[in-house]
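Structure record follows, encoded as structure tokens.
Number of protein chains: 2
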Amino acid sequence: MKTNLEGITNKLKDNNIRLSHQRLKVLEYLDRHRIHPTVEQIYHGLNEEIPTLSKTTIYNTLNKLIEAGLVKVITIEDNEARYDINTDFHGHFKCRTCEKGLDGFRIYTRDMYFSGICPRCSEQEKCKDS
Amino acid sequence: MKTNLEGITNKLKDNNIRLSHQRLKVLEYLDRHRIHPTVEQIYHGLNEEIPTLSKTTIYNTLNKLIEAGLVKVITIEDNEARYDINTDFHGHFKCRTCEKGLDGFRIYTRDMYFSGICPRCSEQEKCKDS
DNA sequence: TGCTTACTTGTAATCATTTCAATTTTATTA
DNA sequence: TAATAAAATTGAAATGATTACAAGTAAGCA
Ligand SMILES: [Mn+2]
Ligand SMILES: [Mn+2]
Ligand SMILES: [Zn+2]
Ligand SMILES: [Zn+2]
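Protein sequence lines, in the order shown, are assigned to chains A and F.
In terms of this note's numbering, the first sequence is residues 1 to 130.
In terms of this note's numbering, the second sequence is residues 1 to 130.
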């Protein structure tokens, strides 16, 4: 549940991702606001502290972090992505009435998405190795 | 696996959804093309048969069918929705390499989304009943 | 057949996300 | 510390999926 920000910055170094002020602030925001925030929420949340912050930077940062496996994108909303610093395997729930994400619920729909590599592409990878 | 189109049209009647030419064609397309098509694919697939068909109608139709529980939307793509006439609970897989949805795979990411009603809203529902 | 209501259509609007080029910052080296 | 190259930030503009809207059309019913 608790993310080690120091550990994350080390991972950034490992992935050759520069430790810019903006990136660290976005990470810190995700760590302190465990509500699967949208880009809009991150933007407004950091606006006071960094008035010059651009939404483009937030998008760039999040995409970098996703690429490095440090953040996960949640597509439970139909029109807006949400972001999660908790990359452990866990489900997400959205209430049909209040539209909040909460614990303890009556479930009506379940969706499971997997991403990986199919047998055909696995086979082609083997060929490359030899 | 096999969908009974006759059964579906009966469900449409039950839900007071009119059996328009366009709606039946969209349903037929979803039934015959079990590839979780996008709106774009449905549009081009039906274009020859119904040259006047509008994308807006496809969106309207799909939203109506989703509302009635006859179709499910799949948000595994980051930028474009896909649609499934199979409403049974089942997972979806996307290959990272060829980007196709297939069977038999090595899994790297798993995502579970639930939708339902939270305890708070459940409680309020009870109050309405009495 | 005629009536009412809901559906279809094309265009325009919306809005999350990406592209782009100029400026700034980071990390490195002297 | 200063110089440098590479990468990041920024804001404006572009993109593109989806929705809103208003006028024309078709479905269902008597
Ligand atoms: Mn989560
Ligand atoms: Mn499916
Ligand atoms: Zn609720
Ligand atoms: Zn593949």
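In this text, a Cβ means the ideal position worked out from N, Cα and C, and glycines have one as well.
Proximal chain A residues relative to residue i, where beta-carbon distance stays under 7 angstroms
i: I107/F; result: F114, G116
i: R96/F; result: S115, G116, I117
i: I76/F; result: Y113
Amino acids of chain A, ordered along the chain, whose beta-carbon sits closer than 9 angstroms to that of residue i
i: I58/F; result: Those do not exist, as I58/F stays about 16 angstroms from chain A at its closest Cβ, beyond 9 angstroms.
i: H92/F; result: D111, M112, Y113, F114
i: S122/F; result: T97, F105, R106
Any non-hydrogen atom of ligand 2 within 7 angstroms of residue i CB
i: H92/F; result: yes
i: H33/F; result: no
Chain-ordered chain F contacts of residue i [CB-CB under 9 angstroms]
i: P37/A; result: Under the 9 angstroms cutoff, chain F gives no residues; its nearest Cβ is about 17 angstroms from P37/A.
Residue of the options minimising C-alpha distance to residue i
i: I17/F; options: E67/F, I35/F, K55/F, K72/F; result: E67/F
i: R110/A; options: R120/A, D84/A, R96/A, Q22/A; result: R96/A
i: R106/A; options: L53/A, S115/A, K94/A, I117/A; result: K94/A
i: E48/A; options: K25/A, D31/A, N60/A; result: K25/A
i: S122/A; options: Y113/F, E123/F, Y108/F, C118/F; result: Y108/F
i: T38/A; options: D103/A, Y113/A, V71/A; result: V71/A
i: H90/F; options: C118/F, S54/F, F114/F; result: F114/F
Listed by chain order, chain F residues near residue i by CB distance under 8 angstroms
i: G104/A; result: C118, P119
i: K64/A; result: Near K64/A there are no residues of chain F at all, since even the closest Cβ is about 15 angstroms away, more than 8 angstroms.
i: K100/A; result: C118
Chain F residues whose Cβ lies nearer than 7 angstroms to that of residue i
i: S20/A; result: Simply none; closest approach about 24 angstroms.
Closer than 7 angstroms: residue i CB and nearest ligand 5 heavy atom
i: D84/A; result: Ligands displayed in this structure: ligand 1, ligand 2, ligand 3 and ligand 4; ligand 5 is not among them.
Beta-carbon separation (whole angstroms), residue i vs residue j, contact threshold 8 angstroms
i: H33/A; j: D84/A; result: About 11 angstroms; that fails the 8 angstroms criterion.
beta-carbon residue i near ligand 1 non-hydrogen atom, thresh 7 angstroms
i: H44/F; result: no
i: H21/F; result: no
Q) Which residues have their C-beta within less than 7 angstroms of a heavy atom of ligand 3, listed in chain order? A) Listed by chain position, these are C95/A, T97/A, C98/A, K100/A, L102/A, I117/F, C118/F, R120/F, C121/F.
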